[in-house]
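Below is one structure, written out as structure tokens; comments come after it.
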Amino acid sequence: MTATVHNRSGVLNRVTGLLAKRQFNIESISVGRTETEGVSKMTFVVEVEDERKLEQLTKQLNKQIDVLKVSDITDKAIVARELAMVKVISNPQIRSEIQGIIEPFRASIIDVSKESITVQVTGKSDKVDALIDLLRPYGVKELARTGLTAFTRGHQPQVTEFKPHSLLK
Amino acid sequence: MKAGASLKELTAVQTGADLLVHALIEEGVDTLFGYPGGAVLPIYDALYRARESFDHVLPRHEQGAIHAAEGYARVSKRPGVVIGTSGPGATNLITGIADAMMDSIPLVIFTGQVAKGVIGTDAFQESDVMGITTPITKHNYQVQELEELPRIVKEAFHIATTGRPGPVVVDIPKDISASIQKSKVTNDFHLPGYQPTVKPNPLQISKLHDALVQAKKPVVLAGSGVIHAEASEELIEFVQNYQLPVTTTLLGLGSYPGSDDLSLGMAGMHGTYPANMALYECDLLINIGARFDDRLTGNLEHFAPQATVAHIDIDPAEIGKNVRTAIPIVSDAKEALTSLNGKTVQVLDHQSWMAQIESNKRDYPLWHDQPQESIVPQWLLKKVHEYTKGEAVVTTDVGQHQMWAAQYYSFDRPNRWVTSGGLGTMGFGFPAAIGAQLGDPDSTCVAIVGDGGFQMTLQELSVLQERRLPVKIIIVNNQALGMVRQWQEKFYEERYSESIIDTQPDFVKLAESYQLNGYRLDSQKDIEEKLPGILADDQPAVVDCRVLQKENVYPMIAPGKGLHQMIGVKK
Chain Y
60 MTATVHNRSG VLNRVTGLLA KRQFNIESIS VGRTETEGVS KMTFVVEVED ERKLEQLTKQ
120 LNKQIDVLKV SDITDKAIVA RELAMVKVIS NPQIRSEIQG IIEPFRASII DVSKESITVQ
180 VTGKSDKVDA LIDLLRPYGV KELARTGLTA FTRGHQPQVT EFKPHSLLK
Chain U
194 MKAGASLKEL TAVQTGADLL VHALIEEGVD TLFGYPGGAV LPIYDALYRA RESFDHVLPR
254 HEQGAIHAAE GYARVSKRPG VVIGTSGPGA TNLITGIADA MMDSIPLVIF TGQVAKGVIG
314 TDAFQESDVM GITTPITKHN YQVQELEELP RIVKEAFHIA TTGRPGPVVV DIPKDISASI
374 QKSKVTNDFH LPGYQPTVKP NPLQISKLHD ALVQAKKPVV LAGSGVIHAE ASEELIEFVQ
434 NYQLPVTTTL LGLGSYPGSD DLSLGMAGMH GTYPANMALY ECDLLINIGA RFDDRLTGNL
494 EHFAPQATVA HIDIDPAEIG KNVRTAIPIV SDAKEALTSL NGKTVQVLDH QSWMAQIESN
554 KRDYPLWHDQ PQESIVPQWL LKKVHEYTKG EAVVTTDVGQ HQMWAAQYYS FDRPNRWVTS
614 GGLGTMGFGF PAAIGAQLGD PDSTCVAIVG DGGFQMTLQE LSVLQERRLP VKIIIVNNQA
674 LGMVRQWQEK FYEERYSESI IDTQPDFVKL AESYQLNGYR LDSQKDIEEK LPGILADDQP
734 AVVDCRVLQK ENVYPMIAPG KGLHQMIGVK K
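Read top to bottom, the protein sequences are chains Y and U.
Anchor point for the first sequence: position 161 equals 220 in the working numbering, and the numbering is continuous, going up by one each time.
Anchor point for the second sequence: position 345 equals 538 in the working numbering, and the numbering is continuous, going up by one each time.
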């Protein structure tokens, strides 16, 4: 789900507080400025049981005075990306082995020390998950993910070529 | 605006507090409910300068101020305005803010805040008003710059009173109200994220009309949305045109005349048998401005199982929230009813349905024991109705007395009934009556309260003493927390845990200590002899009516049961 909001203090609290109050659990959330001055965009992934819950969530968000627009993009053609940084235990011997693992993911090493390296990966959440799984056997010392950010593609396919998309899978 | 006040007189000194006072005058505010304190000293100083412009009501606790403002708003159809100081002043307002949020009462609440420079340092009398009030307000503001104050006040009143009404908090740091205005200010505003839909979609109105003319078992459920939209006349026209049975929610009482033949009375947990059965058996349910609260619907699985549900509500989030809705109409109730009334009226084929409803009304009316020696509370409420000719403004707390008032004080007009519905706040009724009396000085104003609830806010007797407001407080005194006791009797095998309270003040002496008339009425004879005179008097009165302790509210739907599973329908 994406929401464009007024960039005012307390807006994040309004949105997350509302979700908590209505018993929605946030899987991930990311916030940042947009091309318009004073307007921010929030992207959040929320697991909902059914359509009705989803509709209720959209409506409650829309009721917020600082929320300008809410879009449920679950079933839209979207581009979605998340960034993760993974600090992996490594010595010079296995560094090249890790290099080999991360290469197909187009991830990069952004920090190296004697005992560890830090890998940066960008992509959809499932791709990030997959890389983390592969790195885990080496010993993950630290892991940080930004949460997903997304918007709809410039071209939306017609209903006939429609393929449901879930952000959680 | 009071006579003698003008904007020009107030322009000599321009502090933030003066800007606030100007803004209030511009909004047409003439009554304030507030309590001073450190962080609002500059505001109270500005109010002192502008004292000709306002009637400032000083309660003895901030909770009294906000409930009074709620009562005032309900009856006067104008927003209630409240001022409280920072810290405990603000937190004492919380119950009232939450109450107003649940019942969609338009309030604008100004709280003082510590100076901007020390916010976040746990300063003396600091509390996070924004954090605390965000989930219980329609919107809230903390003023960051003096220059934005007039705009924020204007926005606050706009948001509180339009769309689905509700409370708006404006938190004003002390240094902002104290500082001097340097640059020009404007109150122009633009709220792109707040554009309530007021007019109905004509296609949906046609759809509803089509469903209506085909319905065999239609019923109308009227909620407080009808009252907020001032749409009672339109509702009466609609109902009369099609000869529809009408039931109301607790807060919707008075939206349709309770004494009319088509009225079924209130529906819900303690609603009438005909009303609940109509909701259960109908094939078309037209909900106008009610939010399908759980106390109305009972178990949702058994709620209107065969019905096509049409729901008119100004708040889209209420539509489909609890009950699946086939015909959603986002609109102001008045606009929607006006459109509906513009359609060609047809005679409905619903004679057998109406006959069934008539027989339910005849066979299953509300019932209660007949008074012998002591006072039967239901009978008492009937007498209050009789002695005030059904014209009084009635306020209540929450509990048994509230349900009896809802059942037996039949309202024929809107804005006569002031009760705490959604939040169910004890201690609401009496201060709300103070505000209601101020909002409608010419009406008889009766606070029906329990002995429990009254003791939560009785310090406001000072306000009656001070102003000689002719509020009549009727304590339905059963020396118990009646509804709690009833539930313990029914569902906890009569283990009356902390619900029987036989120690209480002598309410007559208590009244006298505030130089008010106090009465104690113990019997049916007492009521018949003394109550008419007390209610007709132009003086305030505290009337301690000793009622049967173990009387229950019936009919009743036990928790988890459906509308058709009422108990206590007949004696």
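We put the CB at the ideal spot given by N, CA and C, even for glycine.
Report task. May I ask you to list, following chain order, the residues of the segment 244-265 of chain U that have a beta carbon less than 7 Å from some beta carbon of chain Y? Result -> none
For a quick check, are the C-beta atoms of Thr-518 (chain U) and Val-540 (chain U) less than 8 Å apart? no
For the pair the segment 64-80 of chain Y and the segment 91-99 of chain Y, tell me if three or more CB-CB distances fall below 8 Å. yes
Using a Cβ cut-off of 9 Å, which residues of the segment 315-332 of chain U contact any Cβ in chain Y, in chain order? Met-323, Gly-324, Thr-327, Pro-328, Lys-331, His-332
So if DSSP puts His-249 (chain U) in a beta bridge, which residue, or which two residues, is it bridged to?
U:Leu-225
With a threshold of 8 Å between beta carbons, is Lys-514 (chain U) in contact with chain Y?
yes
- Query: Mind checking if Ala-497 (chain U) is an interface residue toward chain Y, Cβ cutoff 8 Å exclusive?
  - Reply: no
Please tell me whether Pro-343 (chain U) and Val-311 (chain U) are closer than 8 Å, where the distance is taken between their beta carbons. no
Beta-carbon separation of Ala-408 (chain U) and Leu-477 (chain U) under 8 Å? yes
Out of Y:Thr-211, Y:Ser-149, Y:Glu-162, which one is the CA nearest neighbour of Arg-195 (chain Y)? Y:Ser-149
Would Met-470 (chain U) and His-254 (chain U) be called neighbours here (beta carbons separated by less than 8 Å)? no
Any C-beta of chain Y sitting closer than 8 Å to the C-beta of Leu-384 (chain U)?
-> yes
**Item:** Cutoff 6 Å; reference Val-762 (chain U); Cβ partners in own chain excluding five residues on either side
**Value:** Tyr-466, Tyr-557, Pro-748
Rounded to whole angstroms, what is the Cα-Cα separation between Leu-78 (chain Y) and Arg-154 (chain Y)? 43 Å
**Request:** For the segment 117-171 of chain Y, list the beta strand (DSSP E) runs that are entirely contained and at least 3 residues long, ordered along the chain.
**Result:** 126-130, 137-148, 167-171
* Determine whether the Cβ of Pro-564 (chain U) lies closer than 8 Å to any Cβ atom of chain Y. => no
So which residues of chain U does Glu-114 (chain Y) contact, with C-beta pairs closer than 8 Å? Gly-513
Check: Taking the Cβ atom as the reference point for each residue, do Lys-665 (chain U) and Leu-573 (chain U) lie within a distance shorter than 8 Å?
Finding: no
**Report entry** Simplified DSSP assignment, three categories, for Thr-208 (chain Y)
**Finding:** strand
Where do the N-terminal and C-terminal ends of the beta strand (DSSP E) with Asn-670 (chain U) fall, by residue? 665-670
**Item:** Chain-order list of residues whose beta-carbon lies under 8 Å from that of Phe-247 (chain U) (same chain, five-residue window excluded)
**Value:** Lys-195, Leu-217, Val-222, Asp-223, Thr-224, Leu-225, Leu-240
| query | When the cut-off is 8 Å and only beta carbons count, does Ile-352 (chain U) lie next to chain Y? | reply | yes
ask   = My guess is that Val-587 (chain U) and Ile-641 (chain U) are in contact by the Cβ rule of under 8 Å, so how many angstroms apart are they, rounded?
value = 6 Å
Next on the checklist: Does any residue of chain Y have a CB that is nearer than 8 Å to the CB of Ala-483 (chain U)?
Outcome noted: no
Legend entry - Sub-8 Å separation of Ala-136 (chain Y) and Gln-215 (chain Y) beta-carbons: yes
Q) Rounded to whole angstroms, how far is the Cβ of Val-214 (chain U) from the Cβ of Ala-258 (chain U), which I believe are closer than 8 Å? A) With 8 Å as the limit, Val-214 (chain U) and Ala-258 (chain U) do not qualify as a contact, their Cβ atoms being about 18 Å apart.
### Query
For the segment 688-701 of chain U against the segment 718-726 of chain U, are there 3 or more C-beta pairs whose distance is under 8 Å?
no
Problem - Cutoff 8 Å: Ala-510 (chain U) Cβ touching any chain Y Cβ - result: yes
Any beta carbon of chain U sitting closer than 8 Å to that of Ala-62 (chain Y)? no
* In chain order, what residues of the segment 115-145 of chain Y put their CB closer than 8 Å to some CB of chain U? -> Gln-115, Lys-118, Gln-119, Asn-121, Lys-122, Gln-123, Ile-124, Asp-125, Val-126, Leu-127
For Glu-423 (chain U), does the three-state DSSP call read helix, strand or coil?
-> coil
* Asked: Do you know offhand how far Ser-87 (chain Y)'s Cα is from Asn-434 (chain U)'s?
  -> 53 Å
If we count the other Cβ atoms within 10 Å of its Cβ and call it buried at 16 or more, is Glu-202 (chain U) buried or exposed? A caution first: Glu-202 (chain U) carries a pLDDT of 45, below 50, which makes its placement in the model unreliable, though a value can still be read off. Glu-202 (chain U) should be labelled exposed.
- Query: Which residues, in chain order, does the segment 74-85 of chain Y contribute to contact with chain U at a C-beta distance below 8 Å?
  - Reply: Gly-76, Leu-77, Lys-80
Does Gly-69 (chain Y) get closer than 8 Å to chain B when you measure Cβ to Cβ? Protein chains in the displayed structure are Y and U, and chain B is not among them.
- Message: Please tell me whether Tyr-387 (chain U) has its Cβ less than 8 Å away from any Cβ of chain Y.
- Response: yes
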